[in-house]
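Asks: Could you have a look at this structure, given as structure tokens, before my questions?
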Amino acid sequence: MAHSFPQLFSVAAEDAGARLDQFLVNKIADVSRARVQQMIEQGLVLVDDDQTKASLRLRGGEEIRVLGPAHVEPLRATPEEIPLDIVFEDDEMAIINKPAGMMVHAGAGATDDARNRGTLVNALLHHFGELSGVGGALRPGIVHRLDKETSGLIVIAKNDEAHRKLAAQFAQREAKKTYIALVHGSLKQDHGTIRSNISRDSVRRVRMTTRSKSGREAITHYTVKKRLNSPYGKFSLLEIKIDTGRTHQIRVHLSSLGHPVVGDVLYGAPRELKPRTGGSLSLSRNFLHAATLELRHPRTEEMLSVTRQLPVELAAFLQNLEA
């Protein structure tokens, strides 16, 4: 989002004790804490007309003036030799089975090369060389995203024409994605559709929320494939299809029903599952997997349908839960 500068903020009494950087993160839309800290370091934030540090504790009553955005040297993705599970590949596109724990690309708020390493994009550049440039220098080839701790299928464009055609299929809801998720609790209905707008949480900026009246339309369909009544509690194994692709959509929608995805501590899932008889079970990632991808080939227009089963860590977790 573009911001107009300068911006002026008055510190209310209830904000006394807050750090300067955290205060500004909550006040300026769509800006990361790292970016705010850069603005402060570059002398672009004045507290009562004085430069200061990001760690300043506010007292209440101060006037804060933000003069402009931070000057940031643009990062470019660089090739890295990282193994890839390539499900499909030709001259136009590729479909990758992404593991959990891998970011798709460095975020716009990345402030150094260390955060621009180990991503799917770095691996793609090593394996394929040139990719489409439609998404910019940090996102070559990337048509759509998967969260870091979500595994599964993601399509990659090798040239700009293929990128535009593939992106149009997602925008027009022609491309179909099916996910498998394990959630806490037993859903009341075997089938359901969640229609709740999604926006960024105004307090915890790393989260999304359905509680705001604003936000973007988001539609999630679910089918209960299995109900589990285990020593660790009740769970539902779901097949999920989405009509829209909002940030954290499946995770925040299911959490809004009171059924967070197993392993998703950001949206309310416990870190450990503890049975009545002692011991514990934990999952170091979200139990969310993009299992099926259906779309038209950007050149031949042939329908492609690709499926990848649950990765071994999720299959093993499910087996332990049922045991």
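Taking our numbering, I'd label the letters of the sequence shown as residues 1149 to 1471.
The C-beta atom is built at its ideal place from N, Cα and C for all residues, glycine as well.
1) By DSSP's criteria, Leu1323 is part of a beta bridge. Which residues make up the other side?
2) To the nearest angstrom, how far is the alpha carbon of Pro1446 from that of Leu1414?
3) Cα separation between Glu1470 and Ser1428?
4) Going by other Cβ atoms of all chains shown within 10 Å of its Cβ, with 16 needed for buried, is Lys1373 buried or exposed?
5) Could you tell me which of Leu1421, Asp1295, Thr1371 and Glu1210 sits nearest to Ile1328, measuring between CA atoms?
6) Quick one: is Asp1197 buried, meaning 16 or more other Cβ sit within 10 Å of its Cβ, or exposed?
7) Going straight from the alpha carbon of Ser1477 to that of Leu1385, what length do you get?
8) Are the CB atoms of Gly1333 and His1437 within a distance shorter than 8 Å?
9) Could you say which of Pro1154, Thr1200 and Gly1191 lies nearest to Ala1168 if we only look at CA atoms?
10) Classify Ala1166 as helix, strand or coil using the three-state DSSP reduction.
11) Considering only the alpha carbon of each residue, which of Lys1325, Glu1162, His1151 and Lys1336 lies closest to Ile1367?
12) Between the C-alpha atoms of Thr1259 and Ile1346, what's the straight-line distance to the nearest angstrom?
13) Considering Cα atoms alone, identify which of Arg1287, Leu1272, Thr1298 and Asp1239 is closest to Gly1249.
14) Between Ile1212 and Val1193, which are expected to be in contact by the criterion C-beta below 8 Å, what is the C-beta distance as a whole number of angstroms?
15) Using the three-state DSSP reduction, which class does His1339 fall into: helix, strand or coil?
16) Would Gly1165 pass as a contact of Leu1206 if the rule is Cβ separation under 8 Å?
17) How many Å lie between Gln1190 and Arg1181 at the Cα?
18) I'd like to confirm the pairing. Which residues does DSSP put opposite Ser1299 in its beta bridges?
19) What residue from His1274, Pro1217, Asp1178 and Glu1240 has the CA that sits closest to Val1291's CA?
20) Any idea what DSSP makes of Glu1461, helix, strand or coil?
21) State the Cα-Cα distance for the pair Val1354 and Phe1276, rounded to the nearest angstrom.
22) Measure the CB-CB distance between Glu1449 and Ala1323 and report whether it falls below 8 Å.
23) Between which two residues does the alpha helix (DSSP H) containing Gln1186 stretch?
24) Counting only the same chain and skipping the five closest in sequence on each side, list residues whose C-beta sits under 8 Å from that of His1274.
25) What separation, rounded to the nearest whole angstrom, lies between the Cα atoms of Met1251 and Asp1295?
Replies: For this structure:
1) The sequence given here places Ala at residue 1323; Leu does not occur at that position. BP columns for Ala1323 are empty, so no partner.
2) 36 Å
3) 14 Å
4) exposed
5) Thr1371
6) exposed
7) Residue coverage of the chain in this structure runs from 1149 to 1471, which leaves residue 1477 outside it and unanswerable.
8) no
9) The question names Ala, but residue 1168 in the sequence shown is Leu. Leu1168 has its Cα closest to that of Thr1200, out of Pro1154, Thr1200 and Gly1191.
10) coil
11) Lys1325
12) Low confidence applies to Thr1259: its pLDDT is 47, below 50, so where it sits in the model is not reliable, and the reading given next is rough at best. So the alpha carbons of these two residues sit roughly 27 Å apart.
13) Thr1298
14) 7 Å
15) strand
16) yes
17) 14 Å
18) His1437
19) Glu1240
20) helix
21) 32 Å
22) no
23) Arg1181 to Glu1189
24) Pro1227, Glu1228, Glu1229 and Ile1230
25) 7 Å
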